[in-house]
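Participant:
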């Protein structure tokens, strides 16, 4: 955050979108701008006679800043985990997951377009890259979900065989009960 202001390239390639430097830069840029806006809004509300605490509760910028900080902190956790792993399949998987996480945020958060961090063409490129990442992650989906160690009892029927779990045979009335028509 204290480094010089990062610059987002005007043309984003697949390599750029997956680069940790680009991902860090765009998250830092958003967070820095939100922090500047937040400080200005707090000062303005205090100049109007409101207490700092009350002003904090009134600002939607505060919510967006919290989200930006959380997104950047999660990205940094991914990067730290990647750095701790030697090259191999685990590092490749972490890199794919990191890129998917960041690009989904860029795709879903309209502020990246609204405030000019991304152009409409770049947003379209991000959507295409998300589709490519999904296809790359799809063969590993079951292993990824299993790696969380969630007990089967906590998983919904959709995780197993949704059709069998919702079949008519499971809805048969008990003996002596009537079926309403």
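Numbering (the numbering used here), first residue to last: 1 to 181.
All C-beta atoms in this analysis are idealised placements derived from N, C-alpha and C, irrespective of residue type, glycine included.
Owing to the predicted nature of the structure, the values given are computational and were not obtained by experimental measurement.
#1: Looking at C-alpha atoms only, which residue of 118, 64, 105 and 137 is the closest neighbour of residue 92?
#2: Closest to residue 65 by C-alpha separation, out of 146, 17, 38 and 126, would be which residue?
#3: How is the alpha helix (DSSP H) around residue 125 delimited, first residue to last?
#4: Find out if the Cβ-Cβ distance for the pair residue 77, residue 18 is shorter than 9 Å.
#5: Taking all protein chains shown into account, decide if residue 21 is buried (16 or more other Cβ within 10 angstroms of its Cβ) or exposed.
#6: Where does residue 109 fall in DSSP's three states?
#7: What residue ranges within the stretch 7-64 form continuous alpha helix (DSSP H) runs of no fewer than 4 residues, ordered along the chain?
#8: For residue 152, which residues from the same chain have a beta carbon less than 7 Å from its beta carbon, with the 5 sequence-adjacent residues on both sides left out?
#9: Beta-carbon separation of residue 27 and residue 57 under 9 Å?
#10: Measuring CA to CA, which of 71, 133, 98 and 131 is closest to residue 83?
#11: If contact is defined by three or more beta carbon pairs under 8 Å, each pair taking one atom from either stretch, is the stretch 99-119 in contact with the stretch 130-149?
#12: Where do the ends of the alpha helix (DSSP H) carrying residue 145 lie?
#13: Please classify residue 53: is it buried, with 16 or more other beta-carbons within 10 angstroms of its beta-carbon, or exposed?
#14: Which term fits residue 126, buried or exposed, when burial requires 16 or more other beta carbons within 10 angstroms of its beta carbon?
#15: Quick check: residue 34 and residue 55, are their CB atoms within less than 9 Å of each other?
#16: Between the Cα of residue 114 and those of 30, 42, 79 and 16, spot the shortest distance and give me the residue it belongs to.
#17: With distance defined between alpha-carbon atoms, name the residue in 49, 89 and 43 nearest to residue 143.
Facilitator: In short, the structure shows the following:
#1: 137
#2: 38 is the residue among 146, 17, 38 and 126 whose C-alpha sits nearest the C-alpha of residue 65.
#3: 120-137
#4: no
#5: So residue 21 ends up on the exposed side.
#6: coil
#7: 14-18, 20-47 and 52-58
#8: none
#9: no
#10: For residue 83, the nearest C-alpha among the options comes from 98.
#11: yes
#12: 141-147
#13: exposed
#14: buried
#15: no
#16: 30
#17: 89
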